[in-house]
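Report on the following structure.
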Amino acid sequence: MAATYVPISEDIANDKMKLSVEAVKHFGNDFDESKMELDSSWTPYTLRLFDGWPTERLILFRPPAASKFFDCIRVKDGLTGAVEWEALRKTGMWMGLVPVNHQIEAMLVELRLIGRK
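Residue numbers (the numbering used here): 48 to 164.
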């Protein structure tokens, strides 16, 4: 089974080409640099539910500036509500795969979303 989320460095997160190489390595060719659309900045969330998308997406996530840990990222099937994967109380920076039509719950975390053009 492929990875659902992987640690990444700040250097990778801040360089679209390196980020694309890492995304392709872990999640497949759909995230080649020429096909990626990356949020320009990090956005902090106290609590936010994102609806599902008709295509796979990637998310970058890290603790908020004032904290060593982020609280939670949970990816759920948009139809059944079943949890596909979750990351709880972690340090560092991560990249995760959000399958088609899956919701994201973000709690006390900073995010950057990556879609396909």
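Beta carbons are placed, not taken as given, at the ideal position from N, Cα and C, and that holds for glycine.
Remember, it's a predicted structure, so these values are computed and weren't measured experimentally.
If you look at phenylalanine 78, you'll find it isn't in any beta strand (DSSP E); DSSP assigns it neither H nor E. Sorting Arg95, Leu107, Asn148 and Asn76 by C-alpha distance to the C-alpha of leucine 126 places Asn148 at the top. Taken atom to atom, the span from the alpha-carbon of serine 87 to that of tryptophan 141 is near 17 Å. Within the region 77-144, the runs of beta strand (DSSP E) that reach at least 3 residues and sit entirely inside it are, in chain order, 83-85, 90-97, 104-109, 119-124 and 130-135. Under the Cβ criterion (8 Å, minimum of three pairs), the region 108-126 does not count as touching the region 64-76. Counting only the Cα atoms, leucine 85 lies some 10 Å from alanine 60. Judged by DSSP in its simplified three-state form, valine 147 adopts coil rather than helix or strand. Rounded to the nearest angstrom, the gap between the Cα atoms of glycine 143 and threonine 93 is 19 Å.
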